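Asker:
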Amino acid sequence: MKRINNLLPQITNLDNLYLAFWKASKGKRYAKNVLEYQSNLHENLQILRQTIESGKVEVGNYKIFKIFDPKERTIAAPAFEEQVLHHALMNVCHPYFEAYQIYDSYASRKGKGTYKAIERAKHYSQKYTCFLKLDIKNFFGSIHHEVLKTQLKRKFKEEKLLSIFYQIIDSFEQQPNRGVPIGNLTSQYFANHFLGSLDHFVQRVLRCKAYVRYMDDMVIWSNDKNELKMIRNQIRDFVTQELKGELKPELINYSDRGLPFLGYKIFPNKLLLTQRSKQRYIKKLRFIENQYHEGVWDETTCQQRILPLLAFINHANTENLKKSVFLNLKR
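Residue numbers (the numbering used here): 203 to 533.
(1) Should the segment 299–315 be called in touch with the segment 416–431, which here means at least 3 C-beta pairs below 8 Å?
(2) Could you tell me the alpha carbon to alpha carbon distance between ASN263 and ALA393, rounded to whole angstroms?
(3) Name, in chain order, the residues that DSSP records as bridge partners for ILE422.
(4) If we ignore side chains and look at the alpha-carbon of each, how far apart do GLU444 and ALA319 end up?
(5) Closer than 6 Å by C-beta to GLN252: which residues in its own chain qualify, once you throw out the five before and the five after it? Chain order, please.
(6) Nearest-angstrom Cα distance between ALA233 and VAL286?
(7) Would you please state the rounded distance, in angstroms, between the beta carbons of LYS357 and ILE254? I believe it to be under 8 Å.
(8) With distances taken from CA atoms, which of LYS339, ILE213, PHE342 and CYS295 is nearest LEU250?
(9) CB ASN379 to CB HIS346, shorter than 8 Å?
(10) Alpha carbon to alpha carbon, how far is LEU291 from LEU334? Give it in angstroms, no decimals.
(11) Considering only the beta carbon of each residue, do HIS288 and THR442 sit closer than 8 Å?
(12) Since LYS427 contacts ILE454 with CB under 8 Å, what's their CB separation in whole angstroms?
(13) CB LEU511 to CB LEU487, shorter than 8 Å?
(14) Distance check for ILE371 and GLU260, CA to CA, integer angstroms please.
(15) Can you have a look at TRP224 and say buried or exposed, based on whether 16 or more other CB atoms are within 10 angstroms of its CB?
(16) Over the uninterrupted alpha helix (DSSP H) stretch that includes PRO211, give me the two end residues.
(17) Consult DSSP for LYS486 and reduce its assignment to one of helix, strand or coil.
(18) How would you call GLY465, buried or exposed, if buried means at least 16 neighbouring beta carbons within 10 angstroms?
(19) What does a CB cutoff of less than 8 Å around LYS467 pick up in its chain, not counting 5 residues either side in sequence?
(20) Going by DSSP, name the residue or residues bridged to ALA279.
(21) What did DSSP end up calling LYS480 once you bin it into helix, strand or coil?
(22) Measure the C-alpha to C-alpha separation of GLY398 and GLN303 and round it to an integer number of angstroms.
(23) Is the CB-CB distance between PHE463 and VAL404 below 8 Å?
(24) Would you say LEU210 and LEU363 are within 8 Å of each other, going by their C-beta atoms?
(25) Whose C-alpha, out of ASN218, LYS339, SER424 and GLY447, is nearest the C-alpha of LEU350?
(26) Measure how close the beta-carbons of PHE299 and HIS395 come, nearest whole angstrom, since I'm counting them as under 8 Å.
(27) How long is the line joining the alpha carbons of TYR317 and HIS495, rounded to whole angstroms?
(28) Would you please state the rounded distance, in angstroms, between the beta carbons of SER433 and LEU408? I believe it to be under 8 Å.
(29) Run the CB neighbour count on ILE269, radius 10 Å, all protein chains shown included, and call it buried at 16 or more, exposed below.
(30) Straight-line CA distance for GLU283 to GLY343?
(31) Would you decide whether SER256 is buried or exposed? Buried here means 16 or more other CB atoms lie within 10 Å of its CB.
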């Protein structure tokens with residue numbers, strides 16, 4: 203495979219840097235750090251241009267905090283100037299990362315996403331009698347730095363670009379020589395690329411015809427449970443030996459008993475919410491309701507918050523749930 207070269211001139215092009223600033227500031231134009239950066243925008247972009255051209259960038263200035271929905275996760279949000287750097291890199295490198303992805307990889311990709319993954323999973327659940335569901339233990343926190351760097355070196359040739367990638371990778375550790383930060387644009391690309399080799403192994407070596415991956419959540423379908431057990435063993439060996447990772451305990455079951463995937467329970471002929479998703483939906487709706495009645499949020503804000511919730515449950519067979527919850531809302 204021919205490695206990609208000579209991308210730095212495109213990355214350091216001023217038009218690309220202005221675009222990177224615009225993308226990084228989207229949704230936070232009036233934040234203090236964005237306004238400070240914008241007050242000397244041309245000078246700051248010139249400095250960024252010079253640092254990229256030198257191959258030595260300043261990274262690792264993270265704001266660390268926790269979120270608890272849907273589960274506890276540690277977020278490492280990079281400083282704004284680092285966000286501009288990340289966008290500048292990925293504006294240009296995006297098509298090369300994208301080209302390595304298989305059709306049935308659905309996370310953090312334009313035209314894909316949760317609902318497309320659900321539709322594909324439902325299609326396979328109708329077609330096959332059994333499924334194997336796998337995911338990787340502490341995925342983002344366990345990504346092995348040296349394995350990721352080796353993978354990137356197989357794709358990109360430019361030493362300065364690789365050096366920048368390596369500096370971003372080395373700027374964060376959850377355990378020695380492992381982990382990429384949740385909250386980085388680059389982490390989404392690196393994580394997808396990291397598992398790209400597994401995707402190709404599953405499709406080309408194991409010849410699995412029915413396979414869907416959403417980040418580290420993977421499902422394979424077959425009409426033979428024993429075949430799925432053999433596939434599980436081979437994937438476990440690949441993850442352990444090639445990626446230096448560890449699988450969580452797998453789930454092998456019949457399709458008509460329901461596949462728990464991305465907050466839904468997928469049956470061949472219906473789609474339900476998992477119990478956990480129902481509880482989250484009700485909790486969020488109650489919170490929005492309270493914010494409205496206490497005067498914290500106006501009606502427009504509440505509508506904006508409710509719409510994604512409705513989109514989520516409208517994909518499933520949830521008429522009874524919607525009726526029971528909305529009838530009990532305060533009037």
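Don't be surprised by glycine CBs; every beta carbon is placed ideally from N, CA and C.
Just so you know, these numbers come straight off a predicted model, no measurement behind them.
Answerer: Based on what the coordinates show:
(1) yes
(2) Mapped onto the sequence shown, residue 263 falls at position 61. Mapped onto the sequence shown, residue 393 falls at position 191. Between ASN263 and ALA393, the C-alpha separation is close to 20 Å.
(3) As a working mapping, residue 422 is identified with position 220 in the sequence shown. ILE422 is bridged to LEU334 and TYR413.
(4) As a position in the sequence shown, residue 444 is number 242, starting the count at 1. As a position in the sequence shown, residue 319 is number 117, starting the count at 1. Taking the straight line joining both Cα atoms gives about 26 Å.
(5) The residue you call residue 252 lines up with position 50 of the sequence shown. The answer is none, since no qualifying residue turns up.
(6) Looking up residue 233 in the sequence shown gives position 31. Looking up residue 286 in the sequence shown gives position 84. About 15 Å.
(7) Position 155 of the sequence shown holds residue 357. Position 52 of the sequence shown holds residue 254. The pair is not a contact, with the Cβ atoms about 19 Å apart (cut-off 8 Å).
(8) Taking the sequence shown and counting its residues from 1, the one referred to as residue 250 is at position 48. Nearest of LYS339, ILE213, PHE342 and CYS295 to LEU250, Cα basis: ILE213.
(9) Sequence index remark: in the sequence shown, residue 379 carries index 177 (1-based). Sequence index remark: in the sequence shown, residue 346 carries index 144 (1-based). Yes. Within cutoff.
(10) On the sequence shown, residue 334 is found 132 positions in, with the first residue counted as 1. On the sequence shown, residue 291 is found 89 positions in, with the first residue counted as 1. Rounded to whole angstroms, LEU334 to LEU291 spans 36 Å at the Cα level.
(11) Walking along the sequence shown from the start, residue 288 turns up at place 86. Walking along the sequence shown from the start, residue 442 turns up at place 240. Against a cut-off of 8 Å, the Cβ pair of THR442 and HIS288 comes out as no contact.
(12) For the purposes of this step, residue 427 is taken as the residue at position 225 of the sequence shown. For the purposes of this step, residue 454 is taken as the residue at position 252 of the sequence shown. The pair is a contact, with the Cβ atoms about 6 Å apart (cut-off 8 Å).
(13) For the purposes of this step, residue 511 is identified with residue 309 of the sequence shown, where counting begins at 1. For the purposes of this step, residue 487 is identified with residue 285 of the sequence shown, where counting begins at 1. Against a cut-off of 8 Å, the Cβ pair of LEU487 and LEU511 comes out as a contact.
(14) Taking the sequence shown and counting its residues from 1, one reaches residue 260 at position 58. Taking the sequence shown and counting its residues from 1, one reaches residue 371 at position 169. Taking the straight line joining both Cα atoms gives about 12 Å.
(15) Translated into the one-based positions of the sequence shown, residue 224 becomes position 22. Looking at its Cβ environment, which holds fewer than 16 other Cβ atoms inside 10 Å, TRP224 is exposed.
(16) By one-based count along the sequence shown, residue 211 stands at place 9. Counting along the chain, the alpha helix (DSSP H) containing PRO211 begins and ends at 210–213.
(17) By one-based count along the sequence shown, residue 486 stands at place 284. Correct three-state label for LYS486: helix.
(18) Counted from its first residue, the sequence shown places residue 465 at position 263. Buried, because 16 or more other Cβ atoms sit within 10 Å of the Cβ of GLY465.
(19) Your numbering for residue 467 matches position 265 in the sequence shown. Hits under 8 Å: GLY460, LEU461, LEU473, LEU474, LEU475 and THR476.
(20) Translated into positions along the sequence shown, residue 279 becomes position 77. Paired residues: LYS265.
(21) Numbered from its first residue, the sequence shown carries residue 480 at position 278. Helix.
(22) Locating residue 398 in the sequence shown gives position 196, counting from the first residue. Locating residue 303 in the sequence shown gives position 101, counting from the first residue. One C-alpha to the other measures close to 6 Å.
(23) Within the sequence shown, numbered from 1, the residue matching residue 463 stands at position 261. Within the sequence shown, numbered from 1, the residue matching residue 404 stands at position 202. Contact: no.
(24) Counting from one through the sequence shown, the residue named residue 210 turns up at place 8. Counting from one through the sequence shown, the residue named residue 363 turns up at place 161. Their beta carbons are under 8 Å apart, which means LEU210 touches LEU363 by this criterion.
(25) As a first step, residue 350 must be located in the sequence shown, where it is residue number 148. When only C-alpha atoms are compared, the closest one is GLY447.
(26) Locating residue 299 in the sequence shown gives position 97, counting from the first residue. Locating residue 395 in the sequence shown gives position 193, counting from the first residue. That belief holds up - the Cβ atoms of PHE299 and HIS395 are roughly 6 Å apart, short of 8 Å.
(27) Counting from 1 along the sequence shown, the entry for residue 317 is found at position 115. Counting from 1 along the sequence shown, the entry for residue 495 is found at position 293. If I take the Cα positions, the gap works out to 32 Å.
(28) What you label residue 433 is simply residue 231 of the sequence shown in a count that begins at 1. What you label residue 408 is simply residue 206 of the sequence shown in a count that begins at 1. Going by the sequence as given, residue 433 is Ile instead of Ser. Going by Cβ atoms, the distance from ILE433 to LEU408 rounds to 6 Å, so yes, they are a contact pair.
(29) Position 67 of the sequence shown, counted from the first residue, corresponds to residue 269. When all chains shown are included, ILE269 counts as exposed.
(30) As a position in the sequence shown, residue 283 is number 81, starting the count at 1. As a position in the sequence shown, residue 343 is number 141, starting the count at 1. Taking the straight line from one Cα to the other gives about 24 Å.
(31) Indexing the sequence shown from 1 puts residue 256 at position 54. Exposed, by the Cβ-count rule.
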